[in-house]
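Colleague: Here the protein sequences line up with chains B and H, keeping their order.
So in the numbering used here, the last one in the first sequence is 114, and the numbering has no gaps at all.
So in the numbering used here, the last one in the second sequence is 346, and the numbering has no gaps at all.
First, the structure itself, so that you have it in front of you.
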Amino acid sequence: MSEEANMPLWEVFIRPRVGLHHKHVGSLHAADSTMALQAARDVYTRREEGDSIWVVASKDIYASDPSQAAENFDPASDKVYRHPSFYDIPDEVGHM
Amino acid sequence: MYSQGLIGADSNIVEDQAFLDAFQQRIDAEEKIEPNDPMPQAYRNTLIRMIGQHAHSEIVGMLPEGNWITRAPSLRRKVALLAKVQDEGGHGLYLYSAAETLGVSREQMTEELLSGKAKYSSIFNYPTPSWADIGTIGWLVDGAAIMNQVPLCRCSYGPYARAMIRVCKEESFHQRQGYELVKTLCEGTAEQKAMAQDSLNRWWWPSLMMFGPSDTDSQHSDQSMKWKIKRFTNDALRQKFVDATIPQAELIGLHVPDKDLKWNENKNDGKGGYDFGEIDWDEFWRVVKGHGLMNKDRIKARKKAWDDGAWVREAAQAFAKKNVAA
Ligand SMILES: [Fe+2]
Ligand SMILES: [Fe+2]
Chain B
19 MSEEANMPLW EVFIRPRVGL HHKHVGSLHA ADSTMALQAA RDVYTRREEG DSIWVVASKD
79 IYASDPSQAA ENFDPASDKV YRHPSFYDIP DEVGHM
Chain H
21 MYSQGLIGAD SNIVEDQAFL DAFQQRIDAE EKIEPNDPMP QAYRNTLIRM IGQHAHSEIV
81 GMLPEGNWIT RAPSLRRKVA LLAKVQDEGG HGLYLYSAAE TLGVSREQMT EELLSGKAKY
141 SSIFNYPTPS WADIGTIGWL VDGAAIMNQV PLCRCSYGPY ARAMIRVCKE ESFHQRQGYE
201 LVKTLCEGTA EQKAMAQDSL NRWWWPSLMM FGPSDTDSQH SDQSMKWKIK RFTNDALRQK
261 FVDATIPQAE LIGLHVPDKD LKWNENKNDG KGGYDFGEID WDEFWRVVKG HGLMNKDRIK
321 ARKKAWDDGA WVREAAQAFA KKNVAA
């Protein structure tokens, strides 16, 4: 059982079709990237869910700390001047 | 992201009233709870137990049906059954992954299943002696599972809810292929129809038991509802299932083995629904506690699969290690 404790975890990303982003769909365990890709194909694309797969070792993903979400992301909420609707343009200008 | 890096980061949280209230407030606001968010230990434990049991059920659930793949009577039925059983394996994986985000390891869950410590749905401890059972399982067992799983798509725990959305998308074909199979038998010879009826007779009550103990006896229900892990009580879901299934049985000329079954127009706030007989709870608890017809066989089969696969897992890892070293 000790050997299996090392079976690494992989995050799986699928691209639904050419021109779109790869999107996280789930995770799985596999010994290496080749087997992770094979398993991801078997498990996550049985119904034409995509045409390309990325797998990333979970241990290589660094995530922002949810307890710092307020400090990280709230400051953007009072910067309305970053949005086009903040600026007054005469109607006669039409679409801009 | 299912990244495990921060799991346990909240382990030194003091669960005082302010913390619990703030958590409940998030739940009440329908915010999803994500893996690295602070959460009460009891919330975490409830989900680990529930998702773990659910994952085990998907995996063990492959056994009663896998049993019939080589004997499917036509290629059409065989490809359908193969695809369904393969889906169930996938469902197990999505769910194990969701449970792992809570800090429990895959190995630990496997170990608990094989040692008999972890439970799985009692339904899979019934045998499948006839081909009709494959249809009945799809129709009733997957049907009951869908009833349960659709509200779980709105579960407060993000990874569980997302896994359920995927599962539900795949589940619908399971029920339809099962019902089609039973319907085909009902349109066949008298013998085939009798086979379908016999199968329904055996699976009806165990299917109703799938929703778990009655609300008055369910130890986990209240808190799970408050935390929006569950959205409906066991009895409410069971009633929905009965109301949905009786017309389906009637349509193909089958009779549900319940002499107390009757239409009650006052049920469901006046919309009407079926009254049905008392479930044999002694049987339910007997099977849950490991004394069903197939409990021993199921675990034995899982253990054999796990042990027989050991050399494959070892070889794959040795190969991976060699490649890293090279
Ligand atoms: Fe399933
Ligand atoms: Fe299913």
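Glycine included, C-beta positions come from ideal geometry on N, C-alpha and C.
1. Quick check on V30 (chain B): buried or exposed, where buried means 16 or more other Cβ atoms within 10 Å of its Cβ?
2. Return the Cβ separation of Y114 (chain H) and V170 (chain H) in integer angstroms, given the expectation that the two are a contact with Cβ distance under 8 Å.
3. Look up P30 (chain B) in the DSSP assignment and say whether it is helix, strand or coil.
4. Cβ of A165 (chain H) within 7 Å of any heavy atom in ligand 1?
5. Is G290 (chain H) helix, strand or coil when you go by DSSP?
6. Would you tell me roughly how many angstroms separate the C-alpha atoms of K323 (chain H) and L220 (chain H), rounded to the nearest one?
7. Check for me: the beta strand (DSSP E) holding S45 (chain B) runs from which residue to which?
8. With three or more C-beta pairs closer than 8 Å as the rule, is the region 138-154 of chain H touching the region 36-52 of chain H?
9. Can a CB atom of chain H be found closer than 8 Å to the CB of H40 (chain B)?
10. Quick one: give me the first and last residue of the alpha helix (DSSP H) that K282 (chain H) is part of.
11. Does F296 (chain H) pass the burial test, meaning 16 or more other C-beta atoms within 10 Å, or should it be called exposed?
12. CB of H194 (chain H) to nearest heavy atom of ligand 2: below 7 Å?
13. Determine the closest residue to A14 (chain H) out of H:T265, H:T253, H:I53 and H:G292, with distance taken between C-alpha atoms.
14. How many angstroms separate the CA atom of I47 (chain H) from the CA atom of Q37 (chain H)?
15. Tell me the rounded alpha-carbon separation between G290 (chain H) and V124 (chain H).
16. Which class does A152 (chain H) belong to by DSSP, given the choice of helix, strand or coil?
17. Is it right to say A58 (chain B) is buried, meaning 16 or more other beta carbons lie within 10 angstroms of its own, or is it exposed?
18. Say the cut is 7 Å; is the CB of E108 (chain H) nearer than that to a heavy atom of ligand 2?
19. For E54 (chain H), decide whether its Cβ has a neighbour in chain B, counting only Cβ atoms nearer than 8 Å.
20. Is there at least one non-hydrogen atom of ligand 1 closer than 7 Å to the beta-carbon of E78 (chain H)?
21. Taking only heavy atoms of ligand 1 into account, decide whether any of them is closer than 7 Å to the Cβ of E85 (chain H).
22. Rounded to the nearest angstrom, what separates V43 (chain B) and R33 (chain B) at their Cα positions?
23. Quick check on DSSP: helix, strand or coil for Y22 (chain H)?
24. Tell me, to the nearest whole angstrom, how far the beta carbon of W223 (chain H) is from that of L134 (chain H); I am working on the premise that it is less than 8 Å.
Modeller: By the coordinates alone:
1. Residue mapping note: residue 30 (chain B) aligns to position 12 of the first sequence, counting from 1. Looking at its Cβ environment, which holds 16 or more other Cβ atoms inside 10 Å, V30 (chain B) is buried.
2. Position 94 of the second sequence, counting from 1, holds the residue named residue 114 (chain H). Position 150 of the second sequence, counting from 1, holds the residue named residue 170 (chain H). Y114 (chain H) to V170 (chain H), Cβ: 16 Å. No contact.
3. Walking along the first sequence from the start, residue 30 (chain B) turns up at place 12. In the sequence under discussion, the amino acid at residue 30 (chain B) is Val, which differs from the Pro named in the question. V30 (chain B): strand per DSSP, three-state reduction.
4. The count along the second sequence starts at 1 and reaches residue 165 (chain H) at position 145. Yes - ligand 1 has a heavy atom lying nearer than 7 Å to the Cβ of A165 (chain H).
5. The sequence position of residue 290 (chain H) within the second sequence is 270, counting from 1. Coil.
6. Your numbering for residue 323 (chain H) matches position 303 in the second sequence. Your numbering for residue 220 (chain H) matches position 200 in the second sequence. Cα to Cα, the separation comes out at about 30 Å.
7. Indexing the first sequence from 1 puts residue 45 (chain B) at position 27. Taken as a continuous stretch (DSSP letters only), the beta strand (DSSP E) holding S45 (chain B) covers K41 to H47.
8. With the cut-off at 8 Å, the region 36-52 of chain H and the region 138-154 of chain H do not touch.
9. The residue you call residue 40 (chain B) lines up with position 22 of the first sequence. No, its Cβ sits nowhere closer than 8 Å to a Cβ of chain H.
10. Taking the second sequence and counting its residues from 1, one reaches residue 282 (chain H) at position 262. Looking at the DSSP string, K282 (chain H) is not in any alpha helix (DSSP H); the run it does join, the beta strand (DSSP E), is K282 to N284.
11. Numbered from its first residue, the second sequence carries residue 296 (chain H) at position 276. Here F296 (chain H) is buried. Its C-beta has 16 or more other C-beta atoms within 10 Å.
12. In the second sequence, the residue the question calls residue 194 (chain H) occupies position 174. H194 (chain H) Cβ: within cutoff of ligand 2.
13. The question about residue 14 (chain H) has no answer here: the residues shown for chain H are numbered 21 through 346.
14. For the purposes of this step, residue 47 (chain H) is taken as the residue at position 27 of the second sequence. For the purposes of this step, residue 37 (chain H) is taken as the residue at position 17 of the second sequence. Between I47 (chain H) and Q37 (chain H), the C-alpha separation is close to 15 Å.
15. Along the second sequence, read from residue 1 onward, the residue named residue 290 (chain H) stands at position 270. Along the second sequence, read from residue 1 onward, the residue named residue 124 (chain H) stands at position 104. Rounded to whole angstroms, G290 (chain H) to V124 (chain H) spans 45 Å at the Cα level.
16. The residue labelled residue 152 (chain H) in the question sits at position 132 within the second sequence. In the structure shown, the three-state DSSP call for A152 (chain H) is helix.
17. Mapped onto the first sequence, residue 58 (chain B) falls at position 40. A58 (chain B) is buried by the Cβ-count criterion.
18. Position 88 of the second sequence, counted from the start, is the residue given in the question as residue 108 (chain H). E108 (chain H): yes, Cβ under 7 Å from ligand 2.
19. Mapped onto the second sequence, residue 54 (chain H) falls at position 34. Chain B, which has a Cβ nearer than 8 Å to the Cβ of E54 (chain H), makes this yes.
20. The residue labelled residue 78 (chain H) in the question sits at position 58 within the second sequence. Answer for E78 (chain H): yes, Cβ within range of ligand 1.
21. Working through the second sequence from its first residue, we reach residue 85 (chain H) at position 65. Because no heavy atom of ligand 1 lies under 7 Å away, the Cβ of E85 (chain H) does not count as near it: no.
22. Within the first sequence, numbered from 1, the residue matching residue 43 (chain B) stands at position 25. Within the first sequence, numbered from 1, the residue matching residue 33 (chain B) stands at position 15. Taking the straight line joining both Cα atoms gives about 10 Å.
23. Translated into positions along the second sequence, residue 22 (chain H) becomes position 2. Bear in mind that a pLDDT of 42 at Y22 (chain H), under 50, signals an unreliable position, so the model cannot answer this.
24. As a first step, residue 223 (chain H) must be located in the second sequence, where it is residue number 203. As a first step, residue 134 (chain H) must be located in the second sequence, where it is residue number 114. The pair is not a contact, with the Cβ atoms about 27 Å apart (cut-off 8 Å).
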